[in-house]
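> Protein chains in written order, with numbering that gives the first Met the number 0: chain R, 0 to 652; chain F, 0 to 616. The structure that follows is given in the form of structure tokens.
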Amino acid sequence: MAENIQNDDTATVRPHSTVRSLLRLWPYARAVRGRLAVSVTAATLGMLSTLAVPVILGRIVDGPLAEHDLAALWPLVGLLLLVGLVEAGLFFTRRVVLARPLAGLETAMRGDLFAKLQRLPVSFHDRWGSGQLLSRATADMYTMRLFLAFPLVFLIVNSVMFLAGAVVMFSQDWRLALIALLPVVPLFVLTRRFEAGYSGSSRLAQDQNGDLATVVEESVLGIRILKAFGRHRSMAERFRAQSQELRRTELRKAHLLANLWAVIVGLPELALGGALAVGAYLVAHDELSAGTLVAFLSTALALRWPVESLGWLLAYANEAATATDRFFEVLDEPDTQDRGTATGGPVRRILPDQTAALGCVHRKAEEGVHAEHRRPTTTQRGACPGVAGPAGSAGQAPAAPDGIRFTGVRFRYPDAPEDSPDLLTDIDLHIRSGETMALVGATGSGKTTLTALLPRLYEATAGAITLDGRDIRDLPRERLRELVAVAFEEPTLFSATVRENVLMGAPGASAEQLRSALATAQAGFVDKLPEGADTEVGEQGLSLSGGQRQRLALARAVVGDPAFLVLDDPLSALDVHTEALVERALREVLGTTTALVVAHRPSTVLLADRVAVLADGRITAVGTHQELLRDCPHYRELMSGEAALVSEGSTAP
Amino acid sequence: MTTTAEPTKADPTGPAEPEEELPPPPADEEDIPVPPGAPRALLRSLLGPHRARIAVAMVVILVQQAALQSGPLLVAVAMDRAIPALREHDSGPLIAVVAAYLFCALLSPVLQWLFIKISARVNQDILLELRGRIFRHAQRLSLDFHERYTSGRIISRATSDIDALRELLSEGLQELLTVFLSVCYISVLLLVLDWRLGLVSLVSGVPLALIARSFRRRSRRVYRRSRTSAASLIVRFTETMNGIRPVQAFRREQANDAAFAVVNRQSATATADGLLEIARYVGLSRTTANLWVTGVVLFGSYLVVDDSLELGALTAFVLYLRRLYDPIDQLAMFLNSYQSAAAALEKIAGLLAHEPTVAEPAEPAALPEPAGTGREVSFEQTRFAYRTGKEVLPPFDLLIPAGQTVAVVGATGAGKSTVAKLLARFYDPTDGRIRLDGVDLRELATPELRRGVVMVTQESFLFSGTVAENIAIGRPGATREEVEQAARDIGAYEFIAALPDGFDTDVRKRGGRISAGQRQLVAFARALLADPAVLILDEATSSLDVPGEQAVQRAMRTVLAGRTAVIIAHRLSTVEIADRVLVMDQGRIVEDGSPQELIDGSGRFATLHRAWRDSLV
């Protein structure tokens, strides 16, 4: 299996400087900047009060104790207590002020990531391993929050401490200070180099973590296949190989960090040894007082922690920076632009339609009831005025509604190799208003892709698709998807009640409409579920059978009488008996809408008024089932398979 | 024909209203009980193999701390001895002290380096092991578990819970070690400096321990909440991303944003509550520590005034006492990652302690040598009911002789799939048994079982990787020729060869999109490659078009020779290649005979078959 699902985009990403990456967090950090400032101040003051304690102790020793003056002792002890309490208070404050805001910041970032991902085109999701997205929403988010909570604060505080210490040291003795601070230059160079190496490894580890998540996810989603073939061992092998890669990267990170840390701990100590030697020499030659040397060395030792901590603070900063890069990789993905929303005009033009469509729903509902009494036949369907309403009453299209029209539509997947031909080369197809068109074609001819263009799950590469004369790119996506309802080939239910799952198609639909949609889809089993339509299904609820899921997905598509309906092989998982019942009910629904139905079998085709044959990326024939059986050999083959059956099939009633 | 089931005479009114099969209820988060002591035992088993390396790491850090702490001591020696000696023009002591200082300055980083290297190796090995264990265990768990336990929760066990542990291992343990060492060093020093003050100081350990305990107790709940909310975040997230097409087509974005915001907020609240607990802990312990310092200073001062303590000793004592409390912050960080990891470990231990209901045999039996004619399958008083007690299949007997192709038909929910799943040992029967060439399925080890029985489901999931790799799941060692031959046999070769990179096309990348029908062909090729003695096809042709299905049918005639096959199909076209047809209704086999016998009869199958013929062109 794939050694690395990491996609091309992440692999070729340009390395950013750590600081530049982290600065991108500012829009989010802005909201907590006040709190961050308070936290940094509290931390700095806390450090200062920590430093103040020895001073007070010195006073106590030099003053009251040296003079055995217990009366003078009390104020100083009181001061010590006060500083101690203030210190504790500051430590508390440093953490408390950031707790909720930072959790909120993490939430905001994750919410934005989730919202963005939901709105990115399907082609984006095709390219990205789901684990990569998941790790961005969990582990990376945590890394960034942690960085803001701790390393960032201490990078600031420790730098201040270091600068202050350096000033003090220079004021004590500039020669010793120079010696002690000599390592700053090589340390600076080394940390720069470390950063370059560590960023790469940290990024790699994060990507590998995402790949691992993908393997875990696939192994769970594909568990039936793995069980059926007893292949859990080989999957585990693959998982093991990937986690070993991650282990190698983590060890590489540890190696880099160990090197840095050794230098960061070692160099200043060596310099201090030098300062000690020189200082002792100077003292011995009376060029320096012993007290100054002690004070100098104490200051230098006090600076140990700020310098040493640099090692892991930098490591954290690097990891946060690469996590930020990963986060913004998703947020920077361009949205597909709505022409409709970009310019004001078309949006306004939609508004009257919306009310018209609402009116249409009522009318269609009545018609649906009415339809119970008549035998829906093909001839009647052609005359059905079902969707004649919307555009006409909107007053902007004087002619009769046009239905669905594909004009010169080409499509290739955005990531398809350069030299491959387009999947759809030139689609011209007109589905008249109120008509049901079946789409037939060999496996892999692009039928599903063609249907995905209609709700703009994919964008046509060229050409235009119009709904009642309006280019779908001029419609806001939200509106477009309200008009076009889809039943997918693979019926996905979400963790929600049956009711919620079905009403997704039409949030405002009534209980009556829900009932009629369930009835159309022959989903009578819903009543037998423990809590009827309020039973939780999907991942976190009851796991229904494929046929049951398919019927709910069908109900979802037909609920609320959509103006345009796309059904992708909607009956594949049903048994013959149920299929016949669904077909009978579906005919009524199809009589009131303009529909495109992907069909693999004659029984599904018979739902349609006309049939379009898709082959070699274009529509090669359009006609009724009988016409095509007579005139189109490819169609005959698709419908009846072997040539031997053709004659028999074509004479069938 | 071997007919052991009592065929009921057909209902003349045609098939009854199907009684739909209802799935078992889903699991709650708490459905997996954590056996007491399991997390601890898990931790022990993880750390155990690394005892030696952990010990070395501890020694290294011990010496390193000694080298690091000797700095101030050497400075004192320099001041007291070396400088006076230098004034006497004796540079020996100074050279010695500086040399010692430089030695420590070199030793400490080297040891630090070594410690990081050793502990990183230990940590990564533990994580590798634990990741592997979770993964293997999740794979081992039975299908009924997976059907109840949300996939997102398993994912969160193997991702975010592992992250929590990684946090503890990568920083927590080092922190704990240094905290422990510095506390030990300083406690000894304090006692040596002055035992009375030392004792008073060490008593502060009692309130500090109480505070730590209260923190642990309070935060345990918070962190459990945090793990649970992290899992529900992941569940929501994966569900949305896996269903992105319907999400967008049905304009679920805003509703999902709102639903995600709920779990996101829960997670934020839990996170913040955890951070607040730490803040509270740090504040309280710092206050306690500083109160103690003040008290000790006061007590010491009286001792000094009473002349029972040297002034210098008190100074040294108080300075060291402050350092005794320095690690409080580090300890807080440790406790934080510890609590978080403990909650994660608890969840992981719960998952690992869950035993698969379909268990591997303790003493696997072997199947007799294959005769090349498939294997005989016998259901003996087999009965199946859900855990809830609802009976799906009443007890039945069924003998399928080796080499026979049996088609099972019936309405949705008639129990066809359950029969298939029992034969594939996705489930074990509630009562009775299923034998393969006389051997109970439960006595077969997985590799042996899967050489014998393989099932192709209607599910057409593809794993990321190339098409060839997806087919090779059937037999991992297969050569490219064998993979291609399997594809050719089932009529999948042409479309695969036409993909951008042919068999090497990555199914997730570069235009390698594969339609549902094509996926089913890949699944077939996979099954052919596995070359099992018994092949079960559960609705495996539902998404194929007519030519595709016919190609499969044609292929089946040759492929099924020398195999036993059970074919479940809604479409009766499949029946034409069957030797025998079983009609099921409400869990019972109601008709059993050769296709022709049944078609010519007046039973349900005859009715069904007529309906099906009518539905054709």
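Note that CB positions come from ideal geometry on N, CA and C, so glycine has one too.
Where do the N-terminal and C-terminal ends of the alpha helix (DSSP H) with glutamine 338(F) fall, by residue?
327-352 is the extent of the alpha helix (DSSP H) around glutamine 338(F).
> Buried or exposed for leucine 232(F), going by 16 or more other Cβ atoms inside 10 Å?
buried
> Short of 8 Å in beta carbon distance, which residues of its chain neighbour alanine 451(R), apart from the five on each side in sequence? Order them along the chain.
Val121 and Tyr457
> Going along chain R, which residues have a C-beta under 7 Å from valine 109(F)?
Ala261
> What residue does the beta strand (DSSP E) around glutamine 207(R) start on, and which one ends it?
Taken as a continuous stretch (DSSP letters only), glutamine 207(R) belongs to no beta strand (DSSP E), being part of the alpha helix (DSSP H) at 183-220.
> Are the CB atoms of proline 38(F) and leucine 498(F) within a distance shorter than 7 Å?
no
> Please determine, among Val466(F), Thr606(F), Leu126(F) and Asp530(F), the residue with the shortest C-alpha to C-alpha distance to glutamine 519(F).
Val466(F)
> Alpha carbon to alpha carbon, what distance is there between arginine 321(F) and arginine 212(F)?
22 Å
> Can you confirm whether alanine 278(F), when its beta carbon is compared against all beta carbons of chain R, has any partner nearer than 7 Å?
yes
> Leucine 281(R) to valine 62(F), Cα distance in whole Å?
Leucine 281(R) and valine 62(F) have their C-alpha atoms roughly 32 Å apart.
> Applying the 10 Å Cβ sphere with the 16-neighbour rule, what's the burial state of arginine 286(R)?
Checking the sequence shown, residue 286(R) turns out to be glutamate, not arginine. By the 10 Å Cβ count, glutamate 286(R) comes out exposed.
> Tell me, please, which residues DSSP counts as bridged to leucine 323(F).
The partner list for leucine 323(F) (beta bridge, DSSP) is empty, contrary to what the question assumes.
> Only counting the same chain, and skipping five residues up and downstream in sequence, which positions put a Cβ closer than 7 Å to that of histidine 67(R)?
none
> For alanine 384(F), which residues in the same chain have their Cβ closer than 7 Å to its Cβ, ignoring the five residues on either side in sequence?
Glu390, Val391 and Thr429
> Taking the C-alpha atoms as reference points, what is the distance between valine 521(F) and leucine 42(F)?
So the two alpha carbons sit approximately 42 Å from each other.
> Any beta carbon of chain F sitting closer than 7 Å to that of arginine 29(R)?
Answer no: the Cβ-Cβ gap between arginine 29(R) and chain F never drops below 7 Å.
> Using only CA atoms, which one of Ser300(F), Arg135(F) and Ala406(F) lies nearest to leucine 536(F)?
Ala406(F)
> Thinking C-beta only, is glycine 431(F) closer than 7 Å to glutamate 379(F)?
Result yes, Cβ atoms of glutamate 379(F) and glycine 431(F) sit closer than 7 Å.
> Using CA atoms only, rank isn't needed, just tell me which of Thr404(F), Arg525(F) and Leu175(F) is closest to valine 574(F).
Measuring from the Cα of valine 574(F), the nearest candidate turns out to be Thr404(F).
> Would you report the Cα separation of alanine 387(R) and aspartate 470(R), rounded to the nearest angstrom?
Note that alanine 387(R) has pLDDT 32, beneath the 50 cutoff, so the model's placement of it is unreliable and the number below is only indicative. Near 18 Å, if we compare the C-alpha coordinates of aspartate 470(R) and alanine 387(R).
> Taking methionine 454(F) as the query, report the chain R residues whose CB atoms sit under 7 Å from its CB, ordered along the chain.
Ala227
> With distances taken Cα to Cα, identify the nearest neighbour of alanine 547(F) among Asn335(F), Phe523(F) and Ala104(F).
According to the sequence provided, residue 547(F) is glycine. The question's alanine does not apply to it. For glycine 547(F), the nearest C-alpha among the options comes from Phe523(F).
> Go through the stretch 37-120 of chain F residue by residue and report every complete run of the alpha helix (DSSP H) that reaches 4 residues or more, in order.
37-46, 50-76 and 82-86
> On a CA-only basis, which of Val39(R), Glu86(R) and Ser134(R) is nearest valine 152(R)? Give me that one, please.
Val39(R)
> Starting from the beta carbon of histidine 67(R), find every residue of chain F whose beta carbon is closer than 7 Å, and list them in chain order.
Within chain F, the residues near histidine 67(R) are Val304.
> Residues of chain R with CB under 8 Å from glycine 516(F), in chain order?
By Cβ distance, chain R contributes Thr442, Gly443 and His599.
> Would the beta-carbon of isoleucine 161(F) fall within 7 Å of that of arginine 130(F)?
yes
> Thinking C-beta only, is serine 118(F) closer than 7 Å to alanine 66(F)?
no
> Short of 7 Å in beta carbon distance, which residues of its chain neighbour valine 183(R), apart from the five on each side in sequence? Order them along the chain.
none
> Which residue from Leu528(R), Leu56(R) and Phe90(R) puts its Cα closest to that of leucine 75(R)?
Leu56(R)
> May I ask you to check if the CB of arginine 174(R) is nearer than 6 Å to at least one heavy atom of the ligand MG?
No copy of the ligand MG appears in this structure; indeed no ligand is present at all.
> Kindly say whether glycine 110(R), judged by its beta-carbon, lies nearer than 7 Å to any beta-carbon of chain F.
So, interface residue.
> Would you identify the three-state DSSP class for alanine 508(R), choosing helix, strand or coil?
coil
> From which residue to which residue does the beta strand (DSSP E) around threonine 465(F) run?
Here threonine 465(F) belongs to no beta strand (DSSP E), and DSSP marks it neither H nor E.
> Chain F beta carbons: is any one of them nearer than 7 Å to that of arginine 58(R)?
no
> Apart from the five residues just before and just after glutamate 511(R), which ones in its own chain have a Cβ nearer than 6 Å to its Cβ?
none
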